[in-house]
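Shown next, in structure tokens, is the structure this report addresses.
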Amino acid sequence: MVEHDAGQLNPVTAELITAARPLGAVSAVVVGGHAEELAPQLAQYGAVQVVNATAADYDARLITPEVDALHALGQANPAPIIIAADRTGNEIAGRLGARLASGVLANVSAIAADRSATLSIFGGSTEVTAQAHGNCPIYTVQPGAIEPSEAPAQAQIAPMPLPAATERDVQVVGFTAAEKSARPELGTAKTVVAGGRGVGDDFAGVVEPLADALSAAVGATRDVVDEGWYDPALQIGQTGVTVSPDLYIGLGISGAIQHTSGMQTSGTIVVVNQDQDEPFFQIADLGVVTDLHEFVPALIEELKKRA
32 MVEHDAGQLN PVTAELITAA RPLGAVSAVV VGGHAEELAP QLAQYGAVQV
82 VNATAADYDA RLITPEVDAL HALGQANPAP IIIAADRTGN EIAGRLGARL
132 ASGVLANVSA IAADRSATLS IFGGSTEVTA QAHGNCPIYT VQPGAIEPSE
182 APAQAQIAPM PLPAATERDV QVVGFTAAEK SARPELGTAK TVVAGGRGVG
232 DDFAGVVEPL ADALSAAVGA TRDVVDEGWY DPALQIGQTG VTVSPDLYIG
282 LGISGAIQHT SGMQTSGTIV VVNQDQDEPF FQIADLGVVT DLHEFVPALI
332 EELKKRA
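Each residue of the sequence shown is one higher than the last, beginning at 32 in my numbering.
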């Protein structure tokens, strides 16, 4: 399923198409319009068909148009279904699994031609290969887990009118857009700076300046969110966002499994903490044992000199 924001393609879509190519010809499903303007970009990564799923009342509905579109396609032409592993995508996958009587593998990091997938279990401590049964096995793929690659194709656009809402649909009666940050999206960012309890409530003075110096996204641990120190939408971990950036910097984070399960597939992991016995150092590529409130400002100054 294509992830986009009013016609702006989300980078995770290229990853989804790349992951789907070993399974056969790829159909990219665009729900809610903008299929024609997105088709050239989707074809560049290997989509041979772009399904334009539209509904007149799309803006007044939640989740069900996407579920209806993928359900109808799965019934008409059974095939694997691949969705981004975010809150919305995992909910769509669960509903589809029930409707299509097919298995669901969530938060996978790779999909093979035999329909098996690689994923982590037990809070990220063990990596396994699993298979989902049914005519339409469903996968949600961790953003950042797959390196996108181009495979240019000729994409045909296929119109798909969706049914109108029923009494089961949630109706949107009011909408206030979230304020857009100038920083990268957390789930797809190539660099992430995250803060834990050791930062305290000083994210604006420590974490955010370092993130801005690196053009990075900002994340937080669950205990920080529970204390009300930072936005819950930016929580990383089992009950938050899963990230897999090229560079992950953790400031004042102990390394509880709740958090590490959501970021341990990152490329290079840097840990800054004054307690060298914290478990986070066990998965770090580089550990800095120091007072982060002294270290981070010095690091920012050095980055400015090299800019």
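Ideal placement from N, C-alpha and C gives every residue a C-beta, glycine not left out.
Starting from E158, follow the alpha helix (DSSP H) in both directions and report where the run begins and ends.
By 1-based counting over the sequence shown, the position of residue 158 is 127. No alpha helix (DSSP H) contains E158, which is instead part of the beta strand (DSSP E) from 157-162.
With a threshold of 6 Å, establish whether the CB of T222 neighbours any heavy atom of the ligand NAD.
Inclusion of the ligand NAD in the displayed structure is not the case, the ligand content being empty and no account of it being possible.
Pairing CB atoms from the region 257-275 with CB atoms from the region 217-231, are three or more of them under 8 Å?
Touching, per the Cβ criterion.
What would DSSP say about H35, mapped onto helix, strand or coil?
Reading the sequence shown from its first residue, position 4 is the one you call residue 35. Reduced to three states, the DSSP call for H35 is strand.
For a quick check, are the C-beta atoms of Y76 and I48 less than 7 Å apart?
Within the sequence shown, the letter at position 45 stands for residue 76. Within the sequence shown, the letter at position 17 stands for residue 48. Taking 7 Å as the Cβ cut-off, Y76 and I48 qualify as a contacting pair.
Would you report the Cα separation of D233 and E97, rounded to the nearest angstrom?
The residue you call residue 233 lines up with position 202 of the sequence shown. The residue you call residue 97 lines up with position 66 of the sequence shown. Taking the straight line from one Cα to the other gives about 40 Å.
Under a Cβ-count criterion, where at least 16 other Cβ atoms within 10 Å of its own Cβ denotes burial, should G55 be classed as buried or exposed?
Here residue 55 corresponds to residue number 24 of the sequence shown, with the count starting at 1. By the 10 Å Cβ count, G55 comes out exposed.
Would you report the Cα separation of A161 and I112, rounded to the nearest angstrom?
Counted from its first residue, the sequence shown places residue 161 at position 130. Counted from its first residue, the sequence shown places residue 112 at position 81. Straight-line Cα distance between these residues: approximately 16 Å.
From what residue to what residue does the beta strand (DSSP E) around I142 run?
Reading the sequence shown from its first residue, position 111 is the one you call residue 142. Residues 135-142.
Where L323 and V302 are concerned, what is the direct C-alpha to C-alpha distance, given to the nearest angstrom?
Locating residue 323 in the sequence shown gives position 292, counting from the first residue. Locating residue 302 in the sequence shown gives position 271, counting from the first residue. In a straight line, the C-alpha of L323 is about 10 Å away from that of V302.
Distance, Cα to Cα, I123 vs I94?
By 1-based counting over the sequence shown, the position of residue 123 is 92. By 1-based counting over the sequence shown, the position of residue 94 is 63. Rounded to the nearest angstrom, the two C-alpha atoms are 7 Å apart.
Let me check understanding here. Comparing Cα to Cα, which of A315, G298, G281 lies closest to F326?
Taking the sequence shown and counting its residues from 1, one reaches residue 326 at position 295. Of A315, G298, G281, the residue nearest in Cα terms is G281.
By a C-beta neighbour count over all protein chains shown, 10 Å radius and 16 as the cutoff for buried, is Q266 buried or exposed?
Position 235 of the sequence shown, counting from 1, holds the residue named residue 266. Counting Cβ neighbours within 10 Å, Q266 comes out buried, since at least 16 surround it.
Whose C-alpha, out of V203, S297, T222, L73, is nearest the C-alpha of A181?
Here residue 181 corresponds to residue number 150 of the sequence shown, with the count starting at 1. Checking the displayed sequence, the identity of residue 181 turns out to be Glu instead of Ala. Cα-wise, what sits closest to E181 is L73.
Per the DSSP calculation, L47 is bridged to which residue(s)?
The residue given as residue 47 occupies position 16 in the sequence shown. DSSP lists no partner for L47.
Starting from L73, follow the alpha helix (DSSP H) in both directions and report where the run begins and ends.
If you number the sequence shown from 1, residue 73 lands on position 42. Its alpha helix (DSSP H) spans residues 66-75.
Under 8 Å by Cβ, that's how I've got I331 and A244 pegged, so tell me the actual separation to the nearest angstrom.
As a position in the sequence shown, residue 331 is number 300, starting the count at 1. As a position in the sequence shown, residue 244 is number 213, starting the count at 1. Sure, about 5 Å apart at Cβ, within 8 Å.
Excluding the five sequence neighbours on either side, which residues of its own chain have a C-beta within less than 6 Å of the C-beta of A91, listed in chain order?
Position 60 of the sequence shown holds residue 91. These residues qualify, in order along the chain: Q202, V203.
Compare the C-alpha of S140 against each of A189, Y89, M294 and name the closest.
Taking the first residue of the sequence shown as 1, we reach residue 140 at position 109. The residue with the shortest Cα to Cα distance from S140 is M294.
Below 8 Å on the Cβ atoms is my contact criterion, and I expect P192 with D99 to pass it. Report the Cβ-Cβ distance as a whole number of Å.
The count along the sequence shown starts at 1 and reaches residue 192 at position 161. The count along the sequence shown starts at 1 and reaches residue 99 at position 68. That pair is no contact at about 11 Å.
What is the rounded straight-line gap between the Cα of P310 and the Cα of T119?
In the sequence shown, the residue the question calls residue 310 occupies position 279. In the sequence shown, the residue the question calls residue 119 occupies position 88. Taking the straight line from one Cα to the other gives about 31 Å.
Would L241 pass as a contact of V224 if the rule is Cβ separation under 7 Å?
Here the question's residue 241 lines up with position 210 in the sequence shown. Here the question's residue 224 lines up with position 193 in the sequence shown. It is a contact, given that the beta carbons lie within the stated cut-off.
Between Q313 and Q39, what straight-line distance do the alpha-carbon atoms span, to the nearest angstrom?
Along the sequence shown, one-based indexing puts residue 313 at 282. Along the sequence shown, one-based indexing puts residue 39 at 8. Near 39 Å, if we compare the C-alpha coordinates of Q39 and Q313.
What number of angstroms, rounded off, separates the C-alpha of V272 from the C-alpha of A209?
For the purposes of this step, residue 272 is taken as residue 241 along the sequence shown, with counting starting at 1. For the purposes of this step, residue 209 is taken as residue 178 along the sequence shown, with counting starting at 1. Cα-Cα distance, rounded: 17 Å.
Using DSSP with H/G/I as helix, E/B as strand and the rest coil, what is V274?
Mapped onto the sequence shown, residue 274 falls at position 243. In this structure, V274 counts as coil in the three-state DSSP scheme.
Verify whether the separation of the beta carbon atoms of E159 and I169 is less than 7 Å.
The count along the sequence shown starts at 1 and reaches residue 159 at position 128. The count along the sequence shown starts at 1 and reaches residue 169 at position 138. Per the sequence shown, residue 159 should be read as Val rather than Glu. No.
Nearest to T219 by CA position, among A116, N83, S58, L334, is which residue?
Here residue 219 refers to the residue found at position 188 of the sequence shown. Checked all of A116, N83, S58, L334; the closest Cα to T219 is A116.
Which value, in whole angstroms, describes the spacing of the CA atoms of K221 and E46?
As a first step, residue 221 is located in the sequence shown; it is residue number 190 there, counting from the start. As a first step, residue 46 is located in the sequence shown; it is residue number 15 there, counting from the start. Going by the C-alpha atoms only, they are around 14 Å apart.
Could you give the distance in angstroms between the alpha-carbon of T299 and the alpha-carbon of E333?
Looking up residue 299 in the sequence shown gives position 268. Looking up residue 333 in the sequence shown gives position 302. Taking the straight line joining both Cα atoms gives about 20 Å.
Could you check which residue in N41, D145, A70 has the C-alpha nearest to that of R52?
Taking the first residue of the sequence shown as position 1, residue 52 is located at position 21. Among N41, D145, A70, the Cα nearest to that of R52 belongs to D145.
With 16 other CB atoms within 10 Å as the buried threshold, where does R337 fall?
In the sequence shown, counting from the first residue as 1, residue 337 sits at position 306. It counts as exposed.
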